[in-house]
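Residue numbers (the numbering used here): 78 to 419. No residue lacks a Cβ here, since even glycine has one placed at the ideal position from N, Cα and C. Everything numeric in this text was worked out from a predicted model, so none of it was measured. This report concerns only the one structure given below.
See below:
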């Protein structure tokens, strides 16, 4: 399939030495999930309140990227991603807009000392919600609407050594969603509460790097009725990734990832039984190996090639795979990407 394209156009303007205006329009085409319609990726005012050799702190107002994990706030920039697709067991594309950004305030601070850099981000705002979020959490696009409920709270603390070799991060997002059921819907109006957190570590040497991230996401459903309220679980995902520079313009990457919709039912058998076998066990987990090659043809033009071996279909979008029993447990994917920046 060639139904995957991304086009971003951004601009920035420094109104004063301490105030920066910036924004980006993004067109993303990804099968049935995104049709390429332009959306505001981010649009914000960044006010640097103080900036000295010892510290920096400020506030961003508007739609800003959520600082989650090592890659969420730069996931739309192909040149900064470690692969064509981020590890889906942590960076879910099927609910991408929910975790990508928030409309509100984000405070940030950095402290510099002889040991390294300590960073802290704290944000509060409303998370954009689309039909993909409803289908992913509730299993169908009902007549009612899912909306952002209580303001989301996003936080990340990070430490990077002075030489840039080690990077440690702990980030989290507390999100509340509300569903207003239509009269004909088989489920009632309710709320979804989730706490999405990621622990990250990365080591970077001159020609190679190792990265590992671990995620858990406790989810609670309330008020929907028996069809949904018994789905409470703790989602779990993690990966280990290594990269090596074969030469200055050629990089090799390998990654192993695992993820489960319920960390207490890693084989999916209990969840499958709860559906009467309609949803097979392999729809509740995914384990995969990925190997890839990146070639920076020029500083502005990049080519990537990747191959994946997958066991399980959990992270495949329900919108494009509405009949879980029609999916196969073991599958492979070959991907090519060409990216140009100017």
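Hey, quick one: how far does the beta strand (DSSP E) through residue i stretch, first residue to last?
i, result
"residue 198", "193 to 203"
"residue 187", "178 to 189"
"residue 81", "81 to 93"
"residue 276", "267 to 281"
"residue 412", "407 to 417"
"residue 222", "222 to 225"
"residue 337", "327 to 337"
If you reduce the DSSP assignment to three classes, tell me which class residue i lands in.
i, result
"residue 352", "coil"
"residue 210", "helix"
"residue 175", "helix"
"residue 143", "coil"
"residue 382", "strand"
"residue 250", "strand"
"residue 361", "helix"
"residue 346", "helix"
"residue 299", "strand"
"residue 374", "coil"
"residue 215", "helix"
"residue 286", "strand"
"residue 261", "coil"
"residue 305", "helix"
"residue 403", "helix"
"residue 109", "coil"
Which residues in the same chain have their Cβ closer than 6 Å to the Cβ of residue i, if we skip the five residues on either side of it in sequence?
i, result
"residue 255", "224, 226 and 268"
"residue 214", "269"
"residue 382", "370 and 413"
"residue 321", "285 and 329"
"residue 384", "368 and 411"
"residue 332", "316, 318 and 367"
"residue 165", "392"
"residue 340", "311 and 313"
"residue 289", "278 and 317"
"residue 111", "105"
Identify every residue that forms a DSSP beta bridge with residue i.
i, result
"residue 96", "93 and 124"
"residue 293", "274 and 313"
"residue 391", "Per DSSP, none; premise fails for residue 391."
"residue 117", "102"
"residue 154", "Answer by DSSP bridge pairing: none, since residue 154 is not bridged."
"residue 137", "123 and 183"
"residue 230", "201 and 251"
"residue 318", "288 and 332"
"residue 256", "223 and 267"
"residue 236", "195 and 245"
"residue 324", "327"
"residue 369", "330 and 383"
"residue 148", "Looking at the DSSP assignment, residue 148 forms no beta bridge with any residue, so it has no partner."
Apart from the five residues on each side of it in sequence, which residues of its chain come closer than 8 Å, Cβ to Cβ, to residue i?
i, result
"residue 338", "310, 312, 345, 348, 361, 362 and 391"
"residue 80", "106, 107 and 108"
"residue 203", "179, 180, 181, 225, 228 and 229"
"residue 259", "219, 220 and 221"
"residue 102", "85, 86, 87, 115, 116, 117 and 118"
So, at 7 Å on beta carbons, what are the nonlocal neighbours of residue i in its own chain, with the 5 sequence-adjacent residues on each side left out?
i, result
"residue 389", "359, 362, 363, 364 and 406"
"residue 326", "372 and 373"
"residue 298", "267, 269, 305, 306, 308 and 309"
"residue 163", "148 and 152"
"residue 296", "269, 271, 309, 310 and 312"
At a threshold of 6 Å, does residue i count as lining the ligand PLP (C-beta to nearest heavy atom)?
i, result
"residue 160", "The ligand PLP is absent from the structure shown, which contains no ligands of any kind."
Is there a Cβ from chain C that is less than 7 Å from the Cβ of residue i?
i, result
"residue 355", "Chain labels in this structure do not include chain C; a single protein chain is all it has."
Cβ contact (3+ pairs, closer than 8 Å) linking the region 149 to 159 and the region 291 to 304: no
Using 8 Å as the Cβ pair cut-off and three pairs as the minimum, do the region 362 to 372 and the region 189 to 197 touch? no
Counting pairs of Cβ atoms below 8 Å between the region 114 to 130 and the region 399 to 415, do you hit three or more? no
Give a yes or no on contact between the region 375 to 389 and the region 79 to 95, applying the rule of three or more CB pairs nearer than 8 Å. no
Do three or more CB pairs link the region 204 to 220 to the region 160 to 173 at distances below 8 Å? yes
The region 175 to 186 in contact with the region 234 to 242 per 3-pair CB rule at 8 Å: no
Quick check: the region 269 to 282 against the region 243 to 254, are there 3 or more CB pairs under 8 Å? yes
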